[in-house]
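**Q** For what it's worth, this note's numbering labels the leading residue of the sequence shown as -4, then goes sequentially. Idealized CB from N, CA, C, for every residue including glycine. Note that this is a predicted model, so its numbers are computed, not measured. One structure, pasted below without further comment.
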Amino acid sequence: MRATETLKAEHRGIRRALAVLEALAAQADGGEAPRSGDAEALVEFFTVFADGCHHAKEERILFPELATRGLAAGQGPVDLLLEQHAEGRRLVGRLRRELPALDADPAARRRFAAAAHEYAALLEEHIALEDDVLFPDADGVLDAEADGRIAAAFDRHEELEMGAGVHERFHRMLDDLGAKYAGGKTHGKVMK
Ligand SMILES: [Fe+2]
-4 MRATETLKAE
6 HRGIRRALAV
16 LEALAAQADG
26 GEAPRSGDAE
36 ALVEFFTVFA
46 DGCHHAKEER
56 ILFPELATRG
66 LAAGQGPVDL
76 LLEQHAEGRR
86 LVGRLRRELP
96 ALDADPAARR
106 RFAAAAHEYA
116 ALLEEHIALE
126 DDVLFPDADG
136 VLDAEADGRI
146 AAAFDRHEEL
156 EMGAGVHERF
166 HRMLDDLGAK
176 YAGGKTHGKV
186 MK
């Protein structure tokens, strides 16, 4: 699989999680407390998988490689993509801050829902920019040798960052939460 195909597959996993987050935020907007542990599990997914695994692969491995091939920061969308990663981290921080009070405090539920909507909109825009603009450009400048090197570095990063079995655990979690909140629409192994 090409390096960009791996990242696109991960985007599909992240979008499954965003569908669940939006459903959970809609409940919170309606005054309902999320079922115990579900919001925590999603925030863990966005922290460990979306940011620690996926965004880090882009920032530490793909973007630097592209910079050596004429797609440096300041040329094309890389600067904006990096800003969006930083904004995403801030929004996940806002989600995490509300977790302890979600059960008891309607104001915390409203703040959680507001941050969730902002985060989902940001990541949908971000993923479209990568899938439709950056990755086709990247495919045009990466030869097979560079692509293989990036894919091997992705595997090493995932092993170090998440450890064995964590990717699979997230798959199961998204299947479970998808069935509960998004009518099973998110079912299916799509991350990798
Ligand atoms: Fe991405």
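1) So the alpha helix (DSSP H) Met157 belongs to, where does it begin and stop?
2) I'd like to confirm something about Glu125: is its beta-carbon nearer than 6 Å to some heavy atom of ligand 1, or not?
3) Residue range of the alpha helix (DSSP H) that Thr(-1) falls in?
4) Could you tell me which of Ala28, Phe41, Gly158 sits nearest to Arg91, measuring between CA atoms?
5) Could you tell me whether the segment 46 to 59 touches the segment 147 to 154, using the rule of 3 or more Cβ pairs below 8 Å?
6) Out of curiosity, what's the CA-to-CA distance linking Ser31 and Glu0?
7) Hey, how far is the Cα of Arg85 from the Cα of Asp126?
8) Please classify Leu155 as buried or exposed, where buried requires at least 16 neighbouring CB atoms within 10 angstroms.
9) Rounded to a whole number of angstroms, what is the C-alpha to C-alpha distance between His162 and Phe44?
**A** On the basis of the coordinates in this document:
1) Along the sequence shown, one-based indexing puts residue 157 at 162. Note, Met157: alpha helix (DSSP H), 139 to 157.
2) Position 130 of the sequence shown, counting from 1, holds the residue named residue 125. Flag set: Cβ of Glu125 near ligand 1.
3) If you number the sequence shown from 1, residue -1 lands on position 4. Where Thr(-1) is concerned, the enclosing alpha helix (DSSP H) stretches over -2 to 24.
4) As a first step, residue 91 must be located in the sequence shown, where it is residue number 96. Out of Ala28, Phe41, Gly158, Phe41 has the C-alpha closest to the C-alpha of Arg91.
5) yes
6) Counting from 1 along the sequence shown, the entry for residue 31 is found at position 36. Counting from 1 along the sequence shown, the entry for residue 0 is found at position 5. In a straight line, the C-alpha of Ser31 is about 35 Å away from that of Glu0.
7) Your numbering for residue 85 matches position 90 in the sequence shown. Your numbering for residue 126 matches position 131 in the sequence shown. Roughly 23 Å between the two C-alpha positions.
8) Within the sequence shown, the letter at position 160 stands for residue 155. Leu155 is exposed by the Cβ-count criterion.
9) As a working mapping, residue 162 is identified with position 167 in the sequence shown. As a working mapping, residue 44 is identified with position 49 in the sequence shown. Rounded to whole angstroms, His162 to Phe44 spans 8 Å at the Cα level.
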